[in-house]
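The structure under discussion appears below in the form of structure tokens.
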Amino acid sequence: MNIIIPMAGMGKRLRPHTLVTAKPLLHIAGKSIVQRLVEDILATCNEKVDEIAFIIAPAFGKEVESHLLKVAETLGAKGKICYQEEALGTAHAILCAGDSLSGNVFIAFADTLFNATFSIDKNKDAIVWTQKVADPRAYGVVKLNDNNEIEAFVEKPEHFVSDLAIIGVYYFKDGNALKKELQRLIDEKVMLKGEYQITDAMEHMLQNGVKFYTDQVMEWMDCGNKDAAVFTNQRILEIKKDKEKLVADSAIIEQSVIIPPCFIGENVVVRNSVIGPHVSLEKGVQVADARIKNSIIQSDTVVKNALIDTSLLGKNVTYIDKPKNLSLGDFSTQL
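If you use the working numbering, the sequence shown corresponds to residues 50 to 384, in order.
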């Protein structure tokens, strides 16, 4: 089986953190979003993976490409870099990995994380993973028939037809058939708001006899903005706390309290501080005289004399607050 990982743009909603680093490369609990996504797919899909094709913009750079190839190699698969020169929609992005669209194909967009089991029934033509949502009007949804087969794909329905939102994870038994459908969209210029969409290809396949089924994830975790990324970090720490080593042996922790679950990376130094719960300190972070909870502090950042909550600090940041010299009278309130 081949895995196709279209990686979205840099991530405008997560700026300034994505001005230099693409959103799928943001670290959540010590690993990039894309690495966690691929690891979770391979851990639960019960299939041998031959190739992982990453679809990126050329501007991502060689360092990103090296990281992605290493992720694939670590998981025992061949890594492949494919370029999307221009952002022209989901179908266009997938077609950029056209040489990898053969045989069994698993596709996952690398801008969200999941708590899920991606088990595959190879007897099914296609599987679309979904999650129930409270307000389907903001999503593309699937409508099921009495046999639990998908009978329609509906984009942002104004009236209720289904609460099963499409989350950007798909399996196709015949990757080559999908490739032909994607190419048909390009050739016939089937576009929605100037973009080629995979749902248009799937709708045409559905009308031509391909049977689509759905599976559901337990959690769908967004990383689109700061608050979402911090919440996802919290959830991943809870999910992985008994499955992964979260505190590096090289970390130095002196006269400090670590309230789990936290990720403490390589060569982190923490002195006279209280850290946690739900904090990720990436490699090389230095913390002194601080209280940090529910936050992500990216690599090689220095934090001193600070009280931090629900925050996201970038790489190589220096954040030093000044100790306060106070004189407060009786019955005072300082906020």
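Glycine included, every Cβ here is placed at the ideal spot set by N, Cα and C. Bear in mind that the values here come from a model prediction, so they are computed numbers and not experimental data.
Any non-hydrogen atom of the ligand ATP within 8 Å of residue i CB
i    : result
A339 : Looking at this structure, you won't find the ligand ATP or any other ligand, since it has none at all.
Exposed unless 16 or more other CB atoms sit within 10 angstroms - verdict on residue i
i    : result
H401 : Here the chain covers residues 50 to 384 and nothing more, so residue 401 does not appear.
I372 : Here the sequence assigns Pro to residue 372, which means Ile is not the residue at that position. P372 is exposed by the Cβ-count criterion.
F301 : Reading off the sequence, residue 301 comes out as Ile, not Phe. Per the 10 Å Cβ criterion, exposed.
S322 : buried
I12  : This structure does not reach residue 12, given that the chain is present from 50 up to 384, and the question cannot be answered.
F312 : buried
K171 : exposed
Cα-Cα separation between residue i and residue j, rounded to whole angstroms
i    : j    : result
L91  : Y219 : 14 Å
G333 : K289 : 22 Å
I130 : Y245 : 21 Å
H141 : F202 : 19 Å
V318 : G325 : 15 Å
I105 : L227 : 20 Å
I341 : E122 : 35 Å
P310 : K80  : 15 Å
V259 : K229 : 14 Å
V83  : D195 : 36 Å
K242 : E88  : 34 Å
Neighbourhood of residue i by C-beta distance below 6 Å, restricted to the same chain and skipping five residues each side
i    : result
D370 : N354, A355
L375 : none
T359 : V279, N343
K173 : Y262
N197 : none
I357 : I341, S344
S305 : V319, S322
E114 : I130
V352 : V336, A339, Y368
8 Å Cβ shell around residue i - same chain, five flanking residues per side excluded
i    : result
T93  : A165, T166, F167, S168
N51  : V98, D99, E100, I101, A102, S149, L150, S151, G152, N153, V154, F155, G224
Y132 : I104, I105, A106, P107, C145
I216 : T161, F163, W178, T179, Q180, V266, W269
P206 : P185, R186, V190
**Item:** Whole runs of the beta strand (DSSP E) within the stretch 322–378, excluding any shorter than 3 residues
**Value:** 328–330, 335–337, 340–342, 344–346, 351–353, 356–358, 367–369
**Asked** Do the stretch 72–81 and the stretch 145–165 make contact, defined as three or more Cβ pairs closer than 8 Å?
**Response** yes
**Item:** At least 3 beta-carbon pairs within less than 8 Å: the stretch 176–196 vs the stretch 233–245
**Value:** no
**Request:** Taking only runs that begin and end inside the stretch 114–145, name each unbroken beta strand (DSSP E) of 3 or more residues, in chain order.
**Result:** 127–132
**Prompt:** Hey, which unbroken runs of the alpha helix (DSSP H) at 4 residues or more fall wholly within the stretch 216–250?
**Reply:** 224–237
**Request:** For the stretch 357–370 and the stretch 331–348, state whether three or more C-beta atom pairs, one from each stretch, are separated by less than 8 Å.
**Result:** yes
**Asked** Do the stretch 167–185 and the stretch 256–264 make contact, defined as three or more Cβ pairs closer than 8 Å?
**Response** yes
**Message:** Does the contact criterion of 3 or more C-beta pairs under 8 Å hold for the stretch 110–121 versus the stretch 170–189?
**Reply:** no
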